[in-house]
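There are 2 protein chains.
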Amino acid sequence: MLIPYSELFTAFQSILLSRGFSNEKASLSAKLFADASLDGVNSHGINRFPAHVKDIDDGIINPYAEPVLTGSNVTLERFNGNLGPGNLNAWFCMNRAIDLAYRYEIGCVALNNTNHWLRAGNYGWLAAGKGCLGICFTNTIPNMPPWGGKDPRIGNNPIVIAVPGDNEEHLVLDMATSQYAYGKLQLYEMEGKDLPYAGGFDIKGSLTTKPSEIIKSQRVLPIGLWKGSGLTMMLDLLAACLSGGNATRDIGQKGREYALSQVFIAFRPAFENAHDFMISKRNELVEFIKSSNLSEENSEILYPGERALTKRKRNLISGIPVNDNAWKTIRDLI
Amino acid sequence: MLIPYSELFTAFQSILLSRGFSNEKASLSAKLFADASLDGVNSHGINRFPAHVKDIDDGIINPYAEPVLTGSNVTLERFNGNLGPGNLNAWFCMNRAIDLAYRYEIGCVALNNTNHWLRAGNYGWLAAGKGCLGICFTNTIPNMPPWGGKDPRIGNNPIVIAVPGDNEEHLVLDMATSQYAYGKLQLYEMEGKDLPYAGGFDIKGSLTTKPSEIIKSQRVLPIGLWKGSGLTMMLDLLAACLSGGNATRDIGQKGREYALSQVFIAFRPAFENAHDFMISKRNELVEFIKSSNLSEENSEILYPGERALTKRKRNLISGIPVNDNAWKTIRDLI
Chain A
87 MLIPYSELFT
97 AFQSILLSRG
107 FSNEKASLSA
117 KLFADASLDG
127 VNSHGINRFP
137 AHVKDIDDGI
147 INPYAEPVLT
157 GSNVTLERFN
167 GNLGPGNLNA
177 WFCMNRAIDL
187 AYRYEIGCVA
197 LNNTNHWLRA
207 GNYGWLAAGK
217 GCLGICFTNT
227 IPNMPPWGGK
237 DPRIGNNPIV
247 IAVPGDNEEH
257 LVLDMATSQY
267 AYGKLQLYEM
277 EGKDLPYAGG
287 FDIKGSLTTK
297 PSEIIKSQRV
307 LPIGLWKGSG
317 LTMMLDLLAA
327 CLSGGNATRD
337 IGQKGREYAL
347 SQVFIAFRPA
357 FENAHDFMIS
367 KRNELVEFIK
377 SSNLSEENSE
387 ILYPGERALT
397 KRKRNLISGI
407 PVNDNAWKTI
417 RDLI
Chain B
87 MLIPYSELFT
97 AFQSILLSRG
107 FSNEKASLSA
117 KLFADASLDG
127 VNSHGINRFP
137 AHVKDIDDGI
147 INPYAEPVLT
157 GSNVTLERFN
167 GNLGPGNLNA
177 WFCMNRAIDL
187 AYRYEIGCVA
197 LNNTNHWLRA
207 GNYGWLAAGK
217 GCLGICFTNT
227 IPNMPPWGGK
237 DPRIGNNPIV
247 IAVPGDNEEH
257 LVLDMATSQY
267 AYGKLQLYEM
277 EGKDLPYAGG
287 FDIKGSLTTK
297 PSEIIKSQRV
307 LPIGLWKGSG
317 LTMMLDLLAA
327 CLSGGNATRD
337 IGQKGREYAL
347 SQVFIAFRPA
357 FENAHDFMIS
367 KRNELVEFIK
377 SSNLSEENSE
387 ILYPGERALT
397 KRKRNLISGI
407 PVNDNAWKTI
417 RDLI
């Protein structure tokens, strides 16, 4: 079914208000959840919202907590998230990084003791929307085997990189370091489909496109095989070491995923005509990649974030496609 | 054959001196080339050296040029590499980032108009050796098709991330964003072997492990398929926009690979006991990943940089394994 943005927003908002969120926090969190669904990321929008409310009800997320500055050094700041709502903490920290970038061309905020930031891309769109280059990444529970191993020892630590464009046509990369998220595997399994490309190993150690085999083995594939395995280790250590917070290993010892470490970096280059320069580099890249011959007759060459913007424009007009049951679950929470 | 480090170093040094390098520059560049081979990266060590000398002889690399500061803002500096030797420029810039990190916990140096930095990992080992977290990345000529396309429109832009450890046991990720470098494909082809995993598309658009098919199609695979395709676009734009330099598209228009853009970031967290904290997070991660069951009886779980350090220790004692012809080529240059 199709739900107007405002209706989704209002539903989220009223539920959060009922859970003790202040007006301001309920509105911001509702916006971030609704934005995720608006951009086609229901997995971290409407579909995730009930679990988020459960985390609040279980005391994993403290709706009253605020991030507190624990250290600063000109362009670098360190915050304790105090286990507040992960999306609000992340929004706050990217905004701080942007403020610093407006003053110093670069701002870096490291955050520990926070919760799942939900839709990662939101913080990239925020930075680009303010004319900044943005980078952020988070660690997670151990949910992926390291290359050469078969037990979960590394996270699929998402990373976001954003570059501003005109008319909201920012480039926003929003990716986990696993080839497919577990949510995506479940979706393919529900639909009885194979993955288009190998997404993990089966129980015998062979690469497979069968989602059920991967869910059974829990051996999802890092992007780029050994390369993504290494990359995600490094993102984890950067987040933990910069914030003085938990690494993936520590989070795994908690049983549930909380008290994460994250890093937010914004850049606002200030050489002469830097903004125009960025826009032209962005435009030239997009034009250049699209000038390639297609690999298949019906393939598309997209820039990172292009699909999200297309969906956003369409869904704003025609409503956001959501699962009937998901919407019923939300209304039952009101 | 096996060549002692000092002999390799001296050969490189004397050739560079003959090309107009100052004593200091010849020694540093010779060290960086020899270090690459010492760590087992002959592709950017001895095997690359003759092409480097040719670039000098052709005037692509100016041995007399120095990086010049073009802008600075507390923790961010911007340099013009003036088409000097790429390895010396990169070494200089990572050192500047480290100096800034010693003062401000973070330092970021953006460099434009530079040459190929040769062995990327060197700058990560440098940062970690000085107790810093390090990140650096570069763009390249277009050498990979974007996802959905079949013509080269994106670079395989290498990225390095480093985390310090005790006793030189740093974690240093050094990876290009293609699954296999062209050099690696050629190596497999020469040896008549298939790749262990798909490395690109054949001329018909099917994933293949045949190196010759990929060399024919020029369609190498980005790490993580569409994800690495997006990631490498973002690294390119970050490097170009922060340095005010060329993007991959611009470099492609030059015909030869020069006037690249690069970024160097160093962090030296200064919260209480930060250094010990970093070392313990590093040690815990290594212990944790190695505690996984192996995926196959003879597989190994390695941390990024582990293999390089093992080779370094061995090669320092027993000499550096190099190809006979490669060594002859070097001696002919003296």
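Keeping their order, the protein sequence lines are chains A and B.
Be aware that the first sequence starts at 87, since it is given in our numbering, and climbs by one per residue.
Be aware that the second sequence starts at 87, since it is given in our numbering, and climbs by one per residue.
C-beta: ideal position from N, C-alpha, C; glycine also.
Under 7 Å Cβ-Cβ, which residues of chain B neighbour residue i?
i	result
residue 378 of chain A	231, 232, 235, 236, 237 and 239
residue 283 of chain A	311
residue 88 of chain A	Those within 7 Å of residue 88 of chain A in chain B number zero; the least Cβ separation is about 27 Å.
Would you mind telling me which residues of chain A sit closer than 7 Å to residue i, beta carbon to beta carbon, in chain order?
i	result
residue 313 of chain B	261 and 309
residue 286 of chain B	Ordered by position in chain A, no residue passes the 7 Å Cβ test against residue 286 of chain B, which lies about 11 Å from the chain.
Could you list which residues in chain B have their beta carbon closer than 8 Å to that of residue i, in chain order?
i	result
residue 127 of chain A	Per Cβ cutoff of 8 Å: no residues; residue 127 of chain A is ~15 Å from chain B at best.
residue 291 of chain A	381 and 382
residue 212 of chain A	Ordered by position in chain B, no residue passes the 8 Å Cβ test against residue 212 of chain A, which lies about 16 Å from the chain.
residue 197 of chain A	Within chain B, no residue comes near residue 197 of chain A; the closest Cβ sits about 13 Å away, beyond 8 Å.
Closest to residue i by CA distance: which of the options is it?
i	options	result
residue 345 of chain A	A/95, A/287, A/147 and A/281	A/147
residue 204 of chain B	B/216, B/222 and B/188	B/222
residue 361 of chain B	B/337, B/406, B/214 and B/374	B/214
residue 194 of chain A	A/183, A/336 and A/143	A/183
residue 267 of chain B	B/141, B/235, B/394 and B/304	B/304
residue 94 of chain B	B/256, B/163, B/406 and B/178	B/406
residue 277 of chain A	A/288, A/298, A/262 and A/261	A/298
residue 318 of chain A	B/115, B/322 and B/310	B/310
residue 129 of chain B	B/271, B/250, B/379 and B/279	B/271
residue 191 of chain B	B/208, B/161 and B/169	B/161
residue 430 of chain A	A/110, A/149 and A/249	No answer is possible for residue 430 of chain A: the residues shown for chain A start at 87 and end at 420.
residue 118 of chain B	B/387, B/177, B/101 and B/158	B/177
residue 380 of chain A	B/351, B/234 and B/151	B/234
residue 124 of chain A	A/386, A/420, A/394 and A/412	A/394
residue 415 of chain A	A/108, A/139 and A/347	A/139
residue 258 of chain B	A/107, A/339, A/324 and A/355	A/324
residue 332 of chain B	B/252, B/197 and B/90	B/197
residue 290 of chain A	B/383, B/262, B/287 and B/339	B/383
Anything in chain A within Cβ reach of residue i, meaning under 8 Å, just list it in chain order.
i	result
residue 247 of chain B	317, 320, 321 and 324
residue 180 of chain B	Result: empty, since nearest Cβ-Cβ is about 16 Å, beyond 8 Å.
residue 192 of chain B	159, 161, 162, 192 and 194
Can you confirm whether residue i, when its beta carbon is compared against all beta carbons of chain A, has any partner nearer than 8 Å?
i	result
residue 184 of chain B	no
residue 381 of chain B	yes
residue 222 of chain B	no
residue 375 of chain B	yes
residue 271 of chain B	no
residue 419 of chain B	no
So what does residue i bridge to, in DSSP terms?
i	result
residue 158 of chain A	A/163
residue 248 of chain B	B/220 and B/258
residue 136 of chain A	Its beta-bridge partners do not exist; DSSP assigns none.
residue 391 of chain B	None, per the DSSP bridge assignment.
residue 240 of chain A	A/230
residue 348 of chain B	B/197 and B/224
residue 406 of chain A	A/89
residue 419 of chain A	Its beta-bridge partners do not exist; DSSP assigns none.
residue 374 of chain B	None, per the DSSP bridge assignment.
residue 306 of chain A	A/286
residue 353 of chain A	A/192 and A/219
residue 293 of chain A	A/287
So with CB distances below 9 Å, who are the chain B contacts of residue i?
i	result
residue 265 of chain A	310, 311 and 313
residue 118 of chain A	By Cβ distance, chain B contributes nothing, its closest Cβ being about 22 Å from residue 118 of chain A, past 9 Å.
Strictly below 9 Å CB to CB, what residues from chain A border residue i?
i	result
residue 205 of chain B	The premise fails here: residue 205 of chain B is roughly 17 Å from chain A at the closest Cβ pair, so nothing lies under 9 Å.
residue 257 of chain B	316, 319, 320 and 323
residue 124 of chain B	Correct list: empty, because the minimum Cβ distance to chain A is about 21 Å.
Should residue i be flagged as near chain B, meaning a C-beta pair shorter than 8 Å?
i	result
residue 346 of chain A	no
residue 169 of chain A	no
residue 219 of chain A	yes
Could one say the Cβ of residue i lies closer than 8 Å to chain E's Cβ atoms, at least one of them?
i	result
residue 387 of chain B	Judged by its chain identifiers, the structure shown contains no chain E, and its protein chains are A and B.
The ligand HEM heavy atoms versus the CB of residue i: any closer than 7 Å?
i	result
residue 189 of chain B	The ligand HEM is not part of this structure, which contains no ligands at all.
Interface positions of the region 155-166 of chain A facing chain B (Cβ-Cβ less than 7 Å), listed along the chain: 157, 159, 160, 161, 162 and 164
Residues of the region 353-371 of chain B with Cβ closer than 8 Å to any Cβ of chain A, in chain order: 353, 355, 356, 357, 360, 363, 364, 367, 368, 370 and 371
Contact list for the region 389-408 of chain B against chain A, Cβ threshold 7 Å: 389 and 390
Members of the region 94-113 of chain A that neighbour chain B once the beta carbon cut-off is set at 8 Å: none
Residues of the region 328-341 of chain B with Cβ closer than 7 Å to any Cβ of chain A, in chain order: 328, 330, 333 and 335
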